[in-house]
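I have placed the structure first, in the form of structure tokens, so that the comments after it can refer back to it.
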Amino acid sequence: MVKAKARLIRDPRTEALAPGEILVARNTDPGWIAVFSNASAIVVERGSLLSHSAIVAREMGIPCVVALKGALDWIRDGETIEVDGARGVVTRSDV
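Residue numbers for the sequence shown follow UniProt numbering, beginning at 1 and rising by one.
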């Protein structure tokens, strides 16, 4: 389980992720690989166990939750969240 600040990123070309932050995105593709290297965990709205996010996170040893519908709506940028990749659970810690 990882507990850290969430960073909502919509465009990896114009937005940055500080080391140790949790990446929260709608979806990812190979253009996101530079962002993944700073992530302590990854939360993605779209995808599956065979999606880009899940495969790359697994290979890099980064906890990941995919197919979390509405994540960009209820996770606030900069808030502390907990990600349990093994159980597929994301919880807010600031509330």
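The beta carbon of each residue, even a glycine, is placed where N, CA and C say it ideally should be.
Here the structure is a predicted model, which is why all the values come from computation and not from measurement.
| Check | Outcome |
| --- | --- |
| Cβ pair Cys64, Ile42 closer than 8 Å | yes |
| Glu82 to Gly70 span [Cα, whole Å] | 16 Å |
| Cβ pair Ile75, Val44 closer than 8 Å | no |
| Ala4 versus Asp11 - alpha carbon distance | 21 Å |
| Cβ distance (whole Å) where Ser48 is taken to contact Ala54 below 8 Å | 7 Å |
| Cβ-based neighbour list, His52, same chain, cut-off 6 Å, excluding 5 preceding and 5 following | Thr28 and Asp29 |
| Element boundaries [beta strand (DSSP E), containing Asp73] | Unbroken run through Asp73 is the alpha helix (DSSP H), Ala71 to Trp74; no beta strand (DSSP E). |
| Identity of the residue in Ser37, Leu68 and Arg92 nearest Arg46 by Cα | Leu68 |
| Where the alpha helix (DSSP H) containing Val56 begins and where it ends | His52 to Met60 |
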